[in-house]
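Engineer: For reference, the structure I am asking about is given below.
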Amino acid sequence: MNMMNYLFNVLINFLGYITLFIISSLFIYYHVRQYLLKRSLPIKSHEAIFVTGADSGMGLASIKKLTELGYIVFCGCYLPESKKLFSIKKKQYYIPLDVSRQESIVAAYQSIKSICEKNNFSLFSVIQAHGIAIMAPI
């Protein structure tokens with residue numbers, strides 16, 4: 023009987039620790055999440071962000087959100103017809119870019135550098151949202 027009481031106490035203590043761990047984890051998660059949601063980077067009017075893969079998907083969604091937040095956005099696009107998606111009035115600059123070709127990357131760099139120097143922008147960040155898909159049998 024003494025052994026049963028000991029095992030029962032160990033089980034109760036273990037469950038107590040697990041419960042305490044879960045509650046404290048949820049508490050920390052909630053407060054960290056609230057802090058991160060309230061915190062934002064101060065946006066300066068001359069800061070620019072370069073987004074690759076701006077034709078569609080996460081790249082396009084990133085550009086819409088960054089423009090909404092007030093950033094100047096360089097939109098690196100593979101497809102030439104994507105140019106009509108962006109507007110200089112909205113501080114969105116179309117940059118043709120094929121990440122699989124070195125000369126395209128150099129041309130994109132030179133375009134961004136030229137626009138930044140001309141308008142006194144500073145490149146604040148680069149967001150890589152492009153992808154290269156290769157179809158092959160398994």
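Heads up: the sequence shown begins at 23 in the numbering used here, then just goes up one per residue.
We treat Cβ as the ideally placed atom computed from N, Cα and C, and that holds for glycine.
Bridge partners of Ser164, per DSSP?
Structural biologist: Any answer about residue 164 is impossible in this case: the structure gives the chain only from 23 up to 160.
Engineer: Of the residues Lys135, Tyr28 and Leu48, which one's Cα is nearest the Cα of Phe96?
Structural biologist: Residue numbering aside, residue 96 sits at position 74 when the sequence shown is read from its first letter. Residue Lys135 is the option with its Cα nearest to Phe96.
Engineer: Leaving aside the five residues before and after Ser84 along the sequence, list all residues of the same chain whose C-beta is less than 7 Å from its C-beta, in chain order.
Structural biologist: Residue mapping note: residue 84 aligns to position 62 of the sequence shown, counting from 1. For Ser84, where only same-chain residues beyond five positions count, the Cβ hits under 7 Å are Val73, Ile149 and Ala151.
Engineer: How far does the beta strand (DSSP E) with Gly98 in it reach, from first residue to last?
Structural biologist: Stepping through the sequence shown from its first residue, residue 98 is reached at position 76. Start and end: Ile94 to Cys99.
Engineer: Taking the DSSP output, what are the residues bridged to Tyr116?
Structural biologist: Your numbering for residue 116 matches position 94 in the sequence shown. In DSSP, Tyr116 forms a bridge with Cys97.
Engineer: Using only the alpha-carbon positions, how far apart do Tyr116 and Glu125 sit?
Structural biologist: Translated into positions along the sequence shown, residue 116 becomes position 94. Translated into positions along the sequence shown, residue 125 becomes position 103. Spanning the two alpha carbons is a distance of roughly 17 Å.
Engineer: To the nearest whole angstrom, what separates the beta carbons of Glu162 and Tyr93, a pair I think is in contact under 8 Å?
Structural biologist: Lying before the first or after the last residue shown, residue 162 is absent from the chain, which here runs from 23 to 160.
Engineer: If we ignore side chains and look at the alpha-carbon of each, how far apart do Leu82 and Ala129 end up?
Structural biologist: To locate residue 82, count along the sequence shown from 1; it is residue 60. To locate residue 129, count along the sequence shown from 1; it is residue 107. Taking the straight line joining both Cα atoms gives about 21 Å.
Engineer: Output the distance between the C-alpha atoms of Lys106 and Val54, rounded to the nearest integer angstrom.
Structural biologist: The residue labelled residue 106 in the question sits at position 84 within the sequence shown. The residue labelled residue 54 in the question sits at position 32 within the sequence shown. Roughly 40 Å between the two C-alpha positions.
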